[in-house]
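These notes concern the structure reproduced below.
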Amino acid sequence: MENQPAKRKKYCPNSGDGRISELPQPLLHNIVAFLSQEEATKTCVLSKSWRSIGPTRPKIEFNEMCYEENHKKFLSNLDSTLQVYRGREICLQEFILCVSKINTKSVSLLEKWFPIVLLDMGVKRFHLISTLSYFALPSIVFEAETLEELHLKRCRIESVEKVLSWRLRNLSFCKVDIEEEHLQKIMSRCPLIEHLAFDTCHGFTTIEVQNNNLKHFEYLEGNVDVTIKIYAPNVESIRTVGNASWLHHGKTFPCLTSLRLDRCRIDSVENVLSWHLRKVSFCLVHIEDEHMRKIMSSCPLIEHLALDACRGFTTVEVHNDNLKHFEYNHSSACLEVTIKIDVPNIESISIVGRASWLHHRKTFTCLKSLVLENVVLTQKDFDSISVNFCCLEDLKIHFCSGFEEFQLSSRSVKRLHLAVNGPTKAAIDLPNILSFELLCDDSPSITLTTNSSEWRSLILLKRELITNSDTALLFVKLNELLRALNHSRIHLHMRDLPLEVPNGYGGFGEPAVIESLAFSYRHPCSSLEAFLNYFFGSFRPRYIEESFYPRSEAEEDEDNMDAYHAYEEENYRFQEWYAAARAAQRHGLEDEYMDLPAYPETNPYGEENELIDRLWIFLMKKEREDRIWQQDLEEVSVETYGRNGVEWRCVQSENLSQLELPNNDDQKIRFQLKWRERVIMPS
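In our numbering, the protein residues as written are 340 to 1022.
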């Protein structure tokens, strides 16, 4: 019996303790390190053995924003927690502190604990974030020998006495005020830095890095023009965004794989090129044609090339077999650029700006996405898309020139976005289409043939088409256009309402059922009722909603004062009518308030729900002789969609005044209209 092995402890799942509790304490500490500070504290209730695990995990994270402006409680909890760690002589892996209020008490507490956290507890990763005001960083921070990562936000570094953090590998400054002398001292004493990042920092005019271990460098948006000097032969990625000059004095970067320059001046582009370079992005960078050719010839492994608002070149010629994604964007370019792409394996092409695309009718067997905007095209280009782009699924053609009509046929295209100026004729054959979008300022003549049974179409009518056209003629052309799309779920968006609407019923044969009508308006919507009455003569939408389109600064400057004065002048009269109409609705006397006064343009400082109320009153009015469409309208309901919702929700109410209408941009509201079944789609 003496040699009998000891019995294993029986595990009982309901005992409050488990096998995980038998793990070594350092391993348990690593497990709870993945939890938040609050979640880690809650582990104390799991069992007796867990009482000391959560509160002593090797990661401390405190955020003053979580204390609901209770600054005193925040400082008290921080102090008591650090007292526990200090008493148990626990080494910290990570310390994250986010402070909002910088005052005498908070500064005194941090100056007390920083030396202990950094020197005695041996923290490796230190994050200090000040959300409101700048915090004067103690010099002791750079004396922590165990420090491997340092992330500072909204700090002011006034002195750097000693730099002993020779293990530092990741250094990130965001909104940090530091003098050039202190910055260079840190750079020279930390030779192992692999990741160096500056975001909106100031206090210096030069960044000089001589580091063989540097792998990633990032400089974003400084307040002054900064000179960047990088001597790092092993750097893999460089990104500069903002006013900066990059001087490399002929140094090469053989390991560079990602290069992004945004508004950066560089003394010689070709010297920074690398055979390993795979991603290149230039924005507002001056590149000559010769340099552009060197980029293409010296970097055969490039997979992603992006040129945004760059200048200096007239031709981009790409023959790299490894290129997967190409982007050219210069919508304000004065000179036309010629783009030649002969890459069989490319997957996406986006060309936006004055450009001619020469592809020599090559076959693109891997191309899935093609965007062409303001590009010169001919019928040969459309023929090439039809024949040689066998895998193309997404096609966008926006405001391109060189044609007045075209033919397009593709079995692979599933999503087509078309934006045209002027009267365009198009014959489109897309058997497998899923989505079709059309933006136009004139009434195009389009025929679309497909075998697809489930697809949607979105028609966006620009403001110029609506306000400058004869309304009756506009509806005739619109009816013809929608007949060509009658097998899809049609969504119609109007960027404005007609200035003048004919009286009466705008019927053109059997009304067409469309999925939704959405509109915004720039002018006073006194014509709202007349427009809807005329519209329902031709179309029967299942849903009606309002769309808010962003307006240009020129439009705002032009209309702001006039619109506001018009609102002030007419608002009082409308509000009187509005209150009376709502009262009449509650008592079933809507007919006594049929004539609406001219409704002023939406007040930028007022409520947006008044239009919703107005639509409701219009749709719920009793039948009148001039409203033939009301005979087919069976039911009107209201649906809302909130930011946290997953679907539209029907609001059950017979009186709109009982509804809680949305009062912010995160909520939406729409009307659902149920029409009689006898209304069919036009053939």
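Cβ atoms here follow ideal geometry from the backbone N, Cα and C, with glycine treated the same way.
- request: Measure how close the beta-carbons of Ile829 and Ser796 come, nearest whole angstrom, since I'm counting them as under 8 Å.
  value: In the sequence shown, counting from the first residue as 1, residue 829 sits at position 490. In the sequence shown, counting from the first residue as 1, residue 796 sits at position 457. Indeed, because the Cβ distance is near 5 Å, the residues count as touching under 8 Å.
- request: With a 10 Å radius around its C-beta and 16 neighbouring C-beta atoms as the bar for buried, classify Asn872 as buried or exposed.
  value: Position 533 of the sequence shown, counted from the start, is the residue given in the question as residue 872. Buried, since its Cβ has 16 or more Cβ neighbours within 10 Å.
message: Let me make sure I understand the geometry here. Which of Glu884, Ala857, Val852 has the alpha-carbon closest to that of Phe878?
response: Along the sequence shown, one-based indexing puts residue 878 at 539. Ranking Glu884, Ala857, Val852 by Cα distance to Phe878 puts Val852 first.
task: Work out the CA separation of Lys753 and Leu618 for me, nearest whole Å.
output: Sequence index remark: in the sequence shown, residue 618 carries index 279 (1-based). Sequence index remark: in the sequence shown, residue 753 carries index 414 (1-based). Looking at the sequence shown, residue 618 is not Leu but Lys. For Lys618 and Lys753, the distance between alpha carbons rounds to 28 Å.
message: I need the boundaries of the alpha helix (DSSP H) containing Leu674, first residue and last residue.
response: Taking the first residue of the sequence shown as position 1, residue 674 is located at position 335. Looking at the DSSP string, Leu674 is not in any alpha helix (DSSP H), and its letter there is neither H nor E.
task: Would you mind stating whether Phe652 and Ile634 have Cβ atoms separated by less than 8 Å?
output: Position 313 of the sequence shown, counted from the start, is the residue given in the question as residue 652. Position 295 of the sequence shown, counted from the start, is the residue given in the question as residue 634. Not closer than 8 Å, so no.
- request: Could you tell me the distance, in whole angstroms, from the CA atom of Gln1011 to the CA atom of His643?
  value: Position 672 of the sequence shown, counted from the first residue, corresponds to residue 1011. Position 304 of the sequence shown, counted from the first residue, corresponds to residue 643. Gln1011 and His643: Cα-Cα distance of roughly 46 Å.
query: Mapping DSSP to helix, strand and coil, what is Ala648?
result: For the purposes of this step, residue 648 is identified with residue 309 of the sequence shown, where counting begins at 1. In the structure shown, the three-state DSSP call for Ala648 is coil.
query: What residues in its chain sit with their C-beta under 6 Å from that of Ile517, if we drop five residues either side in the sequence?
result: Your numbering for residue 517 matches position 178 in the sequence shown. So the qualifying residues of the chain are Ile496, Gly542.
- prompt: What separation, rounded to the nearest whole angstrom, lies between the Cα atoms of Pro477 and Leu623?
  reply: In the sequence shown, counting from the first residue as 1, residue 477 sits at position 138. In the sequence shown, counting from the first residue as 1, residue 623 sits at position 284. For Pro477 and Leu623, the distance between alpha carbons rounds to 39 Å.
- prompt: Does DSSP put Asn818 in a helix, a strand or coil?
  reply: The sequence position of residue 818 within the sequence shown is 479, counting from 1. Here Asn818 sits in helix by DSSP.
query: What separation, rounded to the nearest whole angstrom, lies between the Cα atoms of Trp505 and Trp614?
result: Here residue 505 refers to the residue found at position 166 when the sequence shown is read from its first residue. Here residue 614 refers to the residue found at position 275 when the sequence shown is read from its first residue. Straight-line Cα distance between these residues: approximately 32 Å.
message: Looking at Val1030: is its Cβ nearer than 8 Å to the Cβ of His521?
response: This structure leaves residue 1030 out entirely; the chain is present only between 340 and 1022.
- request: Figure out for me which residue from Leu731, Ile724, Leu706, Ser695 has the closest Cα to the Cα of Val714.
  value: Sequence index remark: in the sequence shown, residue 714 carries index 375 (1-based). The option with the nearest alpha carbon to Val714 is Ser695.
task: Give the straight-line distance between the Cα atoms of Ser636 and Ser620, rounded to the nearest whole angstrom.
output: Along the sequence shown, one-based indexing puts residue 636 at 297. Along the sequence shown, one-based indexing puts residue 620 at 281. Cα to Cα, the separation comes out at about 16 Å.
Between the CA atoms of Glu433 and Ala483 - distance to the nearest angstrom: Position 144 of the sequence shown, counted from the first residue, corresponds to residue 483. Position 94 of the sequence shown, counted from the first residue, corresponds to residue 433. Approximately 13 Å between the Cα atoms of the pair.
- prompt: How about Tyr559 and Phe592: are their beta carbons less than 8 Å apart?
  reply: In the sequence shown, counting from the first residue as 1, residue 559 sits at position 220. In the sequence shown, counting from the first residue as 1, residue 592 sits at position 253. Checking the sequence, you will find Leu at residue 559 rather than Tyr. Not a contact, by the Cβ cut-off of 8 Å.
query: Which of helix, strand or coil does DSSP assign to Thr810?
result: Looking up residue 810 in the sequence shown gives position 471. Residue state, collapsed to three classes: helix.
- prompt: Does DSSP put Asn552 in a helix, a strand or coil?
  reply: For the purposes of this step, residue 552 is taken as the residue at position 213 of the sequence shown. Looking at Asn552 - three-state DSSP - the assignment turns out to be coil, as it is neither helix nor strand.
query: Would you say Leu697 and Thr677 are within 8 Å of each other, going by their C-beta atoms?
result: Locating residue 697 in the sequence shown gives position 358, counting from the first residue. Locating residue 677 in the sequence shown gives position 338, counting from the first residue. Contact: yes.
task: Within its chain, find whatever has a CB closer than 7 Å to the CB of Leu616; leave out the 5 residues flanking it on each side and keep chain order.
output: Position 277 of the sequence shown, counting from 1, holds the residue named residue 616. Contacts found: Leu595, Thr596, Leu598, Cys638, Leu640, Ile641.
- request: Give every residue of the same chain whose Cβ lies closer than 6 Å to the Cβ of Lys1007, excluding the five residues on either side of it in the sequence, and list them in chain order.
  value: Here residue 1007 is taken as the residue at index 668 of the sequence shown, counted from 1. Non-local beta-carbon contacts of Lys1007 in its own chain, meaning distances under 6 Å to residues more than five positions away in sequence, involve Tyr980 in chain order.
- prompt: Any idea what DSSP makes of Phe870, helix, strand or coil?
  reply: For the purposes of this step, residue 870 is identified with residue 531 of the sequence shown, where counting begins at 1. The three-state reading of DSSP puts Phe870 in helix, counting H, G and I together.
- prompt: Helix, strand or coil: which one does DSSP assign to Asp601?
  reply: One-based indexing of the sequence shown puts residue 601 at position 262. Reduced to three states, the DSSP call for Asp601 is strand.
- prompt: Quick one: what's got a C-beta closer than 6 Å to His466's C-beta in the same chain, skipping five residues either side?
  reply: One-based indexing of the sequence shown puts residue 466 at position 127. Exclusion of the five residues before and after His466 leaves Ile435, His490 as the residues of its chain whose Cβ lies within less than 6 Å of its Cβ.
field: Length of the line joining the Cα atoms of Ser415 and Val462
entry: Locating residue 415 in the sequence shown gives position 76, where the first residue counts as 1. Locating residue 462 in the sequence shown gives position 123, where the first residue counts as 1. Their backbone Cα atoms lie some 21 Å apart in a straight line.
field: For Val515, the nearest candidate out of Lys554, Thr470, Asn573 (CA to CA)
entry: In the sequence shown, the residue the question calls residue 515 occupies position 176. Of the candidates Lys554, Thr470, Asn573, the one whose C-alpha sits nearest the C-alpha of Val515 is Thr470.
- prompt: What are the residues that DSSP puts in a beta bridge with Ile883?
  reply: The count along the sequence shown starts at 1 and reaches residue 883 at position 544. Looking at the DSSP assignment, Ile883 forms a beta bridge with Leu856, Phe1010.
- prompt: Distance, Cα to Cα, Asp780 vs Ser725?
  reply: By one-based count along the sequence shown, residue 780 stands at place 441. By one-based count along the sequence shown, residue 725 stands at place 386. Put simply, the backbone Cα of Asp780 is about 26 Å away from that of Ser725.
message: Let me make sure I understand the geometry here. Which of Tyr424, Gln422, Leu421, Glu407 has the alpha-carbon closest to that of Ser439?
response: Position 100 of the sequence shown, counted from the start, is the residue given in the question as residue 439. The shortest Cα separation from Ser439 among Tyr424, Gln422, Leu421, Glu407 belongs to Glu407.
Cβ-based burial, Arg988 [other Cβ within 10 Å; buried from 16]: As a first step, residue 988 must be located in the sequence shown, where it is residue number 649. It is exposed - the Cβ of Arg988 has fewer than 16 other Cβ atoms within 10 Å.
Residue burial classification, Leu812 (beta-carbon count within 10 angstroms, cutoff 16): On the sequence shown, residue 812 is found 473 positions in, with the first residue counted as 1. Flag for Leu812 reads exposed.
query: Going by DSSP, which residues form a beta bridge with Leu972?
result: For this step, residue 972 is matched to residue 633 along the sequence shown. Bridge partners of Leu972: Trp1014.
- prompt: Going by DSSP, what residues sit across from Arg754 in a beta bridge?
  reply: For this step, residue 754 is matched to residue 415 along the sequence shown. DSSP lists Asp733, Ser774 as the bridge partner or partners of Arg754.
- request: Report yes if the CB atom of Lys1023 is closer than 8 Å to the CB atom of Glu974, and no otherwise.
  value: Past the edges of the chain, shown from 340 to 1022, lies residue 1023, and the structure says nothing about it.
query: For Asn523, which option in Cys540, Ile546, Leu836 has the closest C-alpha, if you only look at C-alpha atoms?
result: As a working note, residue 523 is residue 184 in the sequence shown. Per the sequence shown, residue 523 should be read as Gln rather than Asn. The shortest CA-to-CA distance from Gln523 to any of Cys540, Ile546, Leu836 is the one to Ile546.
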